[in-house]
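Numbering (our numbering), first residue to last: 19 to 409. These notes are about the structure you will find just below.
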């Protein structure tokens, strides 16, 4: 009996992880037609992991298509250029009906009801007749299996792109396989650029990392990939030559985003070690009715980062969702780069919040509006619990 939808957990041993890698590789070698899915409102790691997985499959001459309904931000346009250059279709048509793929890959998606798919793809996923490969690093709160048992590379990692980097690194230890399959270069410039984008984007250039394990692997992969990026850079090409170039691109804001960013900061205040922007229902809808939802979410993340760094400790943002999205209040919390030894996920456990997750240095969660008749007492409780986390 399948346990899809049940709570995720990390591998219990390195041997179990290695068996999963071997099963995924075996399926990749056996099958030909792949469709790749991410989550709704995809962030940098989700988009990057879709592109990275597509590039890995393309190295083995597989027929691969990415399904992605959201418009790609200008800051990530280079990833779409990479797909175009490698002949990888990116389809967002809600009526698209793929001709029976051999395998569906689900990337960076915490739980099944967050998968971005149309009706035809949903029928394929829910039928159980198509193997589902899953790569994901979400393990806390309400994270639940999306993939087929035995085909889930789900583990502790800074990002899903880190897990794809691990998978690719394992393949480099099989030179006979790569030679036989005609893979001349596993870590090509485009694959490295895509993976770096996801790793840097999901960790805010490493700022959200608080555990020694995460910092070690972040440095391990980014240092190696940054060197490949430098060595493959051609002067005057206009391409990225460093991690700084990537991060600056991810952090850049359009005119519309800058206006929204400043408007949100106009609602900011600072209370001791906490910087916060808390929007009531009317203020939330005033913003959400004027801008695209995915753009709003992106800017809220940047505002939360700013509040954390300016306060020197914590940044918190809260807003009401549109009724059609869900009767929920969205919260984001981030720890400043200056603070160590804190795991924000303990807040989720303490408050028994199941709809949310994140990293030690950054979390996001949702609370039904029916459970909060008054928002501010809940925010005050969060502020006190955050203060208690300080050494």
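Using N, Cα and C, we set each Cβ at its ideal position, and we do this for glycine too.
Alpha-carbon spacing of residue i relative to residue j, whole angstroms
i           : j           : result
residue 179 : residue 214 : 8 Å
residue 365 : residue 404 : 8 Å
residue 38  : residue 333 : 38 Å
residue 273 : residue 319 : 17 Å
residue 157 : residue 284 : 35 Å
residue 267 : residue 279 : 16 Å
residue 166 : residue 22  : 7 Å
residue 323 : residue 218 : 14 Å
residue 41  : residue 315 : 36 Å
residue 409 : residue 331 : 12 Å
residue 89  : residue 56  : 13 Å
residue 308 : residue 127 : 28 Å
residue 376 : residue 227 : 11 Å
residue 172 : residue 153 : 6 Å
residue 164 : residue 135 : 13 Å
Element boundaries [beta strand (DSSP E), containing residue i]
i           : result
residue 351 : 346–353
residue 375 : 374–377
residue 74  : Where residue 74 is concerned, there is no enclosing beta strand (DSSP E), although the alpha helix (DSSP H) it sits in stretches over 62–77.
residue 286 : 286–289
Start and end residues, alpha helix (DSSP H) containing residue i
i           : result
residue 275 : 273–283
residue 221 : 207–221
residue 313 : 311–329
residue 395 : 393–407
Buried versus exposed call for residue i [16 or more other C-beta atoms within 10 Å across all chains shown]
i           : result
residue 343 : exposed
residue 321 : buried
residue 129 : buried
residue 356 : exposed
residue 389 : exposed
residue 193 : exposed
residue 295 : buried
residue 208 : buried
residue 48  : exposed
residue 367 : exposed
residue 103 : exposed
Residue(s) in a DSSP beta bridge with residue i
i           : result
residue 174 : Its beta-bridge partners do not exist; DSSP assigns none.
residue 150 : 122
residue 365 : Its beta-bridge partners do not exist; DSSP assigns none.
residue 29  : DSSP output for residue 29 lists no bridge partner at all.
residue 83  : 53
residue 38  : In DSSP, residue 38 forms no bridge with anything.
residue 337 : 348
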